[in-house]
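Participant: Got a structure for you, written out below as structure tokens; questions coming shortly.
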Ligand SMILES: C[S@@+](CC[C@H](N)C(=O)[O-])C[C@H]1O[C@@H](n2cnc3c(N)ncnc32)[C@H](O)[C@@H]1O
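In the working numbering, the protein residues as written are 695 to 938.
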């Protein structure tokens with residue numbers, strides 16, 4: 695499978711994405727956005743999960759996202775935030791126009807050779823690039839049991855990207871923070887979560903239905919989950935920040 699097809703796949707599941715994916719914890723936002731920042735770009739903003747956290751802090755936010763369907767969800771949820779189609783490689787924004795750029799759960803989709811100079815161009819001198827990923831905590835047995843059905847291997851590959859994301863000059867050395875939270879959801883939420891993963895979106899319809907059917911069976915049978923109205927899904931949030 696062409697990796698760029700995965701990167702472009704999200705729009706097809708924009709509704710499930712908006713319903714099911716968690717937001718980001720406050721300590722991650724504190725770490726990624728310097729206190730003096732006023733104008734912040736949410737790059738690869740998707741349906742606006744991180745954008746909402748920025749807008750909630752009364753920052754002057756601009757969102758850039760390549761998928762029209764994801765952008766439509768963002769605009770519906772956050773009508774006051776200016777949002778444009780664009781990518782990390784070509785944001786369409788002027789030089790030096792933002793104090794900070796945040797890329798939430800999306801840096802692994804970009805081409806760093808083109809995205810690093812583009813992000814540096816739109817930042818003012820001394821500006822900050824923040825990267826963040828929410829990854830489920832697979833140390834918890836039921837999480838491992840559910841996601842082993844849904845190709846856990848792909849997640850492990852992503853975890854490796856998170857540990858060593860590529861940025862480099864003109865950005866300085868990366869600083870890191872790992873934090874965590876519990877996402878309160880339910881059976882339908884877990885199914886939407888899996889349906890909004892790029893590697894599930896790109897499956898042929900019959901394979902996707904079979905996979906979601908298998909996950910539903912695990913959810914219905916698992917002793918830690920069956921009959922529960924509320925499911926608390928543990929996440930670890932990996933943050934990296936670096937400045938020009
Ligand atoms: C996992 S979603 C994350 C969305 C959002 N930032 C969030 O935290 O929920 C990944 C997003 O990256 C976008 N994306 C894919 N390739 C991109 C690129 N080259 N530049 C910017 N965004 C990209 C996708 O369209 C998708 O919306």
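C-beta atoms are modelled at their ideal positions from N, C-alpha and C, and glycine is treated no differently. These numbers come from a predicted model, not from an experiment.
Can the beta-carbon of residue 748 be found closer than 9 Å to that of residue 816?
Facilitator: As a position in the chain shown, residue 748 is number 54, starting the count at 1. As a position in the chain shown, residue 816 is number 122, starting the count at 1. In terms of Cβ geometry, residue 748 and residue 816 do not form a close pair [threshold 9 Å].
Participant: Would you mind listing the beta strand (DSSP E) stretches within the segment 777 to 851 that are 3+ residues and don't spill past its ends, in chain order?
Facilitator: 777 to 779, 792 to 798, 817 to 830
Participant: Would a C-beta distance cut-off of 9 Å place residue 796 and residue 824 closer than the cut-off?
Facilitator: Locating residue 796 in the chain shown gives position 102, where the first residue counts as 1. Locating residue 824 in the chain shown gives position 130, where the first residue counts as 1. Taking 9 Å as the Cβ cut-off, residue 796 and residue 824 qualify as a contacting pair.
Participant: Buried or exposed, going by whether 16 or more other CB atoms sit within 10 Å of the CB of residue 740?
Facilitator: To locate residue 740, count along the chain shown from 1; it is residue 46. By the neighbour-count rule (16 or more Cβ atoms within 10 Å), residue 740 is buried.
Participant: Does ligand 1 have even one heavy atom less than 8 Å from the beta-carbon of residue 687?
Facilitator: Residue 687 is absent from the model: the chain starts at 695 and stops at 938.
Participant: Looking at the structure shown, is residue 757 part of a helix, part of a strand, or coil, going by DSSP?
Facilitator: Translated into positions along the chain shown, residue 757 becomes position 63. Residue 757: strand per DSSP, three-state reduction.
Participant: Quick one: what does DSSP say residue 750 is sitting in, helix, strand or coil?
Facilitator: The residue labelled residue 750 in the question sits at position 56 within the chain shown. Coil.
Participant: From 731, 724, 822, pick the residue whose C-alpha is nearest to that of residue 861; which is it?
Facilitator: Taking the first residue of the chain shown as 1, we reach residue 861 at position 167. Here the closest residue by C-alpha is 822.
Participant: Does the segment 831 to 842 come close enough to the segment 767 to 785 to have 3 or more Cβ pairs within less than 8 Å?
Facilitator: no
Participant: Report yes if the C-beta of residue 869 is less than 8 Å from at least one heavy atom of ligand 1; otherwise report no.
Facilitator: Along the chain shown, one-based indexing puts residue 869 at 175. Not under cutoff, so the answer is no.
Participant: Rounded to a whole number of angstroms, what is the C-alpha to C-alpha distance between residue 840 and residue 913?
Facilitator: For the purposes of this step, residue 840 is identified with residue 146 of the chain shown, where counting begins at 1. For the purposes of this step, residue 913 is identified with residue 219 of the chain shown, where counting begins at 1. Those two C-alpha atoms are separated by around 7 Å.
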